[in-house]
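Going left to right, the sequence shown walks through residues 467 to 564 as the working numbering numbers them.
Ideal placement from N, C-alpha and C gives every residue a C-beta, glycine not left out.
Treat the numbers as computed from the prediction; the structure is a model and nothing was measured.
One structure below.
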Amino acid sequence: MSKAPIGSKANPSEFDVIEKLAEDEPYFVIRAHDPLSSALVELHAYIGAGQAGAAHNKLAEIMALTSARAPRPASSPKYRETFAISLAMEQWRDTHED
Numbered sequence: 467m468s469k470a471p472i473g474s475k476a477n478p479s480e481f482d483v484i485e486k487l488a489e490d491e492p493y494f495v496i497r498a499h500d501p502l503s504s505a506l507v508e509l510h511a512y513i514g515a516g517q518a519g520a521a522h523n524k525l526a527e528i529m530a531l532t533s534a535r536a537p538r539p540a541s542s543p544k545y546r547e548t549f550a551i552s553l554a555m556e557q558w559r560d561t562h563e564d
């Protein structure tokens, strides 16, 4: 039997935060099922590591993947909710200290 991949429900990352979330802390999950998931996570890692050149290249790759056809229409309720979560995260940080 093979071991579940790292970052999965069955084999959480050492840095998994789901159990550490405050009850009122907004969060957003990117699943492997999303065709942009690996590229978005890699972009996040490059930005966090201060690797601007690699981040720029990865963002260009993402833009190329979506230039011909976006994964779903901009009017999608899922996108409206994503923007609402982003705003909730920003507001939550403004009212909570580390």
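Look at the alpha carbon of serine 541 and the alpha carbon of alanine 526, and state the distance between them as a whole number of angstroms.
23 Å
Exposed or buried, leucine 509, counting other C-beta atoms within 10 Å across all chains shown (16 or more means buried)?
buried
Identify the continuous alpha helix (DSSP H) that holds isoleucine 484 and give its terminal residues.
Secondary structure note for isoleucine 484: it is in no alpha helix (DSSP H), with a DSSP letter that is neither H nor E.
Would you report the Cα separation of leucine 553 and isoleucine 496, rounded to the nearest angstrom?
17 Å
Roughly how far, in whole angstroms, is the beta-carbon of lysine 469 from the beta-carbon of asparagine 477, given that I think they are within contact range, below 8 Å?
6 Å
Going by DSSP, what residue range makes up the alpha helix (DSSP H) through arginine 546?
543 to 561
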